[in-house]
Structure formats: structure tokens, C-alpha cells
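Working notes, beginning with the structure itself.
Protein chains: 2
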Amino acid sequence: MDIAEVAKASGLPASTLRFYEGKGLIESTGRKGLRRIFSASVLDRLALISLGRSAGFSLDEISEMFTPQGPEINRALLSSKADELDKKIKELTYIRDGLRHAAACKSPSHFECPKFLQLMRIAGKNRFRQPNKLQSNTLRQEIEKNITRSKNSSE
Amino acid sequence: MDIAEVAKASGLPASTLRFYEGKGLIESTGRKGLRRIFSASVLDRLALISLGRSAGFSLDEISEMFTPQGPEINRALLSSKADELDKKIKELTYIRDGLRHAAACKSPSHFECPKFLQLMRIAGKNRFRQPNKLQSNTLRQEIEKNITRSKNSSE
DNA sequence: ATAAGACTTCAAGTCGGCTTGAAGTCAAGG
DNA sequence: CCTTGACTTCAAGCCGACTTGAAGTCTTAT
Numbered sequence: 001m002d003i004a005e006v007a008k009a010s011g012l013p014a015s016t017l018r019f020y021e022g023k024g025l026i027e028s029t030g031r032k033g034l035r036r037i038f039s040a041s042v043l044d045r046l047a048l049i050s051l052g053r054s055a056g057f058s059l060d061e062i063s064e065m066f067t068p069q070g071p072e073i074n075r076a077l078l079s080s081k082a083d084e085l086d087k088k089i090k091e092l093t094y095i096r097d098g099l100r101h102a103a104a105c106k107s108p109s110h111f112e113c114p115k116f117l118q119l120m121r122i123a124g125k126n127r128f129r130q131p132n133k134l135q136s137n138t139l140r141q142e143i144e145k146n147i148t149r150s151k152n153s154s155e
Numbered sequence: 001m002d003i004a005e006v007a008k009a010s011g012l013p014a015s016t017l018r019f020y021e022g023k024g025l026i027e028s029t030g031r032k033g034l035r036r037i038f039s040a041s042v043l044d045r046l047a048l049i050s051l052g053r054s055a056g057f058s059l060d061e062i063s064e065m066f067t068p069q070g071p072e073i074n075r076a077l078l079s080s081k082a083d084e085l086d087k088k089i090k091e092l093t094y095i096r097d098g099l100r101h102a103a104a105c106k107s108p109s110h111f112e113c114p115k116f117l118q119l120m121r122i123a124g125k126n127r128f129r130q131p132n133k134l135q136s137n138t139l140r141q142e143i144e145k146n147i148t149r150s151k152n153s154s155e
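In order, the protein sequence lines correspond to chains E and C. For the first sequence, the positions run 1 to 155 when our numbering is used. For the second sequence, the positions run 1 to 155 when our numbering is used.
Quick look at the structure:
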């Protein structure tokens with residue numbers, strides 16, 4: 001497929017596809033003259049990237065998930081990401097309930113509604129000043145530590 | 001409280017507080033010389049802003065939730081936001097399950113695992129090329145339409 | 001053979017959400 | 001009183017994720 005076909009099939013502009021290729025997120029299988037040729041499997045990959053983005057992962061994080069440096073790190077990383085998502089889901093659930101309640105509540109100001117405040121407090125637990133980008137360094141380091149540990153213990 | 005106290009109590013840097021004030025997200029109750037004075041209630045507000053941010057809302061969206069132009073729009077907006085969150089939560093749940101499965105799955109490549117692909121397909125339903133910022137224009141317009149409609153019908 | 005038009009590269013621009021820096025003001029303690 | 005250091009303003013800078021524009025190359029249809 002050429003880039004226009006991929007663009008159409010994926011819904012992403014060609015500029016984004018080039019950008020992603022530059023970042024190493026996708027690969028073209030070759031060139032015909034200057035023009036990139038993609039295999040259809042790039043569509044799965046793009047779907048996954050899109051999904052990852054919408055789950056709040058950065059492009060760099062997504063490419064980490066894709067490019068396993070060993071067979072294990074990928075799984076560990078994946079499941080750490082799943083845990084992250086799990087926390088996020090719980091948080092969002094509280095916030096959603098808070099919003100729903102606020103929308104229905106008769107209190108003149110939401111700050112005067114104890115139920116709302118409580119939901120917000122639960123939602124805000126152990127999260128204040130969370131960074132813009134998830135600090136995957138820490139995450140990464142943890143995983144690497146684990147792997148090192150398990151390598152060591154198996155030697 | 002002066003800005004340093006608010007900063008300490010909220011965990012946000014003073015620069016962010018000034019920035020938020022500039023955006024109209026928070027207000028200082030006065031000045032002492034040049035220095036801003038805040039009332040303690042700004043902390044609730046900041047907690048809410050933080051929460052909203054972590055729910056993925058932009059500062060502009062958050063300020064819309066705060067500044068009701070009528071008594072009704074706020075509730076309608078809030079509950080639209082809750083619906084948005086609900087969709088997001090469902091999506092994230094599928095993605096999380098997908099990641100968990102991928103982490104546990106024996107297939108050499110995730111693309112070869114039918115279960116994973118299926119989860120990803122469900123997660124990806126009706127979402128491809130979702131914008132960076134939620135297009136709250138549309139949302140807003142819808143709400144305004146509703147309000148206009150209900151005003152008209154009640155007149 | 002040539003012209004249109006789809007592709008290419010690379011640099012620069014955009015947007016949101018802040019942060020940083022320079023230059024100035026002011027309150028409080030010694 | 002005067003220094004110090006926490007505050008102030010305003011402009012510019014930064015990061016991620018793209019988009020846009022200019023200038024060039026190729027394919028293809030006539």
C-alpha cells in the first residue's frame with residue numbers, strides 16, 4: 001500500500017504516518033522511487049498506537065511497549081502499564097461519580113455538598129501534582145530492577 | 001494565605017498558581033502591597049482543578065465547568081462530562097484487559113493472538129483519530145442547543 | 001514528452017500547559 | 001535605615017505531538 005492508502009484506511013494523515021515512521025513507531029517495507037510502501041500489517045500497528053494514545057500513553061512509552069529488548073521486559077512493561085491503567089480507571093470512576101452527583105445535587109455550590117467533597121477526596125487520594133507525562137523512568141527502572149533480580153536469582 | 005502557603009499546601013508551584021489566576025481558574029481575595037492573598041477555599045478549587053486535569057479535561061473545559069453562565073448549563077455540562085468519562089473508562093478497561101492478556105499470552109506476537117486482537121478491536125470501536133483535545137465545541141454546542149430548545153419550549 | 005499531481009524532505013510553526021529569566025517592588029528583621 | 005529575600009510582572013522558552021510550507025522528485029495519463 002502507498003501512504004495515501006494507509007492514511008485512508010487508518011484515518012491518520014500522511015504527515016502523521018511519516019512522523020511515526022521517523023519516530024520508529026512504524027516501518028515501511030520499502031520504497032518505490034521515493035515513495036514508501038507499507039504492508040497491510042501496519043494498520044494493526046497503527047490501531048494499537050491509536051489505542052495506546054487514547055489510553056494516555058506517550059509515543060515514547062508506546063514504542064517501548066513495541067520494542068522488546070528481551071522477551072521478558074515487554075511482558076513486565078505491559079503489565080505495569082495495565083496496573084497504571086487500573087489506577088487511572090478507578091480514579092476516573094470516582095471523578096465520574098462526583099460529576100454525576102454534582103450534576104444532580106441540589107446544593108447551591110458543589111463545595112457545600114458533603115457527598116461531592118468526599119468523592120473528590122477519594123479520587124484525589126495519593127494523586128496531587130501528578131506530572132504531565134507519566135514518569136516512566138521510575139517504572140522502567142523498577143522493571144529493570146525486577147528483571148535483573150530474576151536473572152541473578154536464576155543464575 | 002500568601003502564595004507560598006498555597007503552593008505548599010497544594011503542592012503546585014507558585015508559577016502555576018499565577019498562571020491559573022491569569023486564566024481565571026482561581027482568584028485571590030486581595031493584595032497586600034503587590035502580594036496576592038488567597039483564602040483557604042482556593043485549596044478546594046485547586047484540588048478540583050487537579051482532579052479535572054487528571055481526568056483529562058483541559059483548563060478551558062474545567063473553567064467552563066466552574067463558571068456557570070446560567071444555572072442549568074453547568075449541570076448539563078457536568079453530566080456531559082460524566083458521560084464522556086464513562087466512555088473513556090470503558091475504553092480504558094478494554095485496553096487494560098488487552099494489556100494484561102498480552103502480558104500473559106504465550107503467542108509469540110500479540111498480533112497473532114486472537115483474544116488480544118479482539119479486545120483491541122472492541123476498545124477501538126468508534127474511536128480512531130480522536131483529537132488531542134476533546135472537541136468540547138461540539139459538546140458545548142449540543143448543550144447550548146438543548147438549553148435553547150428547552151427555553152423556547154417553556155416560553 | 002510533458003504536465004499534473006501525488007509523493008518526498010526538512011525546517012519551522014502551532015497549541016496547551018506550564019516554567020524560566022530578567023528586572024522591579026515591597027515587608028520584615030537586624 | 002537598609003538589606004535581603006520573597007514576592008511581582010511580562011516576555012520568552014520548552015515539551016510533546018503533530019501540521020504546514022516550500023522546494024524538489026516521481027509516476028502516470030495523455
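The beta carbon of each residue, even a glycine, is placed where N, CA and C say it ideally should be. Since the structure is predicted, the reported quantities are computational estimates derived from the model, not experimental observations.
Review point. Do the CB positions of C:L25 and C:I49 come within less than 8 Å of each other?
Key: Yes, the Cβ-Cβ distance between C:L25 and C:I49 is below 8 Å.
Practice item. Using alpha carbons as the reference points, say which of C:S58, C:L92, C:V6 and C:F116 lies closest to C:L43. Key: C:V6
**Study point:** E:K8: first and last residue of the uninterrupted beta strand (DSSP E) it sits in
**Key:** From DSSP, E:K8 is part of no beta strand (DSSP E) but of the alpha helix (DSSP H) over I3 to S10.
Practice item. Specify, as a first and last residue, the run of the alpha helix (DSSP H) that C:K23 falls within. Key: A14 to K23
Practice item. Check whether the region 92-107 of chain E touches the region 79-99 of chain C, taking contact to mean three or more Cβ pairs, one atom from each stretch, closer than 8 Å. Key: yes
Practice item. For E:M120, decide whether its Cβ has a neighbour in chain C, counting only Cβ atoms nearer than 8 Å. Key: yes
**Study point:** CB contact check: E:D2 to chain C, cutoff 8 Å
**Key:** With 8 Å as the cut-off, E:D2 does not count as an interface residue toward chain C.
**Study point:** Distance between beta carbons of C:K90 and C:H101, contact taken as under 8 Å
**Key:** Contact flag wrong, Cβ pair sits at about 17 Å.
Check your understanding: Going along the chain, which residues of the region 74-90 of chain C sit with their C-beta nearer than 7 Å to a C-beta in chain E?
Key -> R75, L78, S79, K81, A82, L85, D86, K88 and I89
Check your understanding: So who's on the other strand from E:I37, going by DSSP bridges?
Key -> E:D2 and E:G30
Check your understanding: How would you label C:L51, buried or exposed, when you count the other beta carbons within 10 angstroms and need 16 or more for buried?
Key -> Per the 10 Å Cβ criterion, buried.
Point to revise | Same chain, Cβ closer than 6 Å to C:C105, five either side skipped, listed in chain order | key: C113
Check your understanding: Of all the options E:S28, E:P108, E:R45 and E:S15, which has the alpha carbon lying nearest to the alpha carbon of C:E72?
Key -> E:P108
Exercise for review: With DSSP as the reference, label E:K81 as helix, strand or coil.
Suggested key: Helix.
Practice item. Report, in whole angstroms, the separation of the C-beta atoms of C:M120 and E:A47, which I expect to be a contact under 8 Å. Key: 6 Å
Review point. For a contact meaning CB atoms closer than 9 Å, what does E:L25 contact in chain C?
Key: Within chain C, no residue comes near E:L25; the closest Cβ sits about 15 Å away, beyond 9 Å.
Practice item. Assign C:S54 to one of three DSSP states: helix, strand, or coil. Key: If DSSP states are grouped into helix, strand and coil, C:S54 belongs with the helices.
Exercise for review: Look at E:L92 and C:A55 and say whether their C-beta atoms are less than 8 Å apart.
Suggested key: yes
Review point. Of all the options E:L12, E:G11, E:I3 and E:S10, which has the alpha carbon lying nearest to the alpha carbon of E:S28?
Key: E:I3
Point to revise | Length of the line joining the Cα atoms of C:R53 and E:K23 | key: 27 Å
**Study point:** C-alpha gap between E:S15 and C:G30, whole angstroms
**Key:** 49 Å
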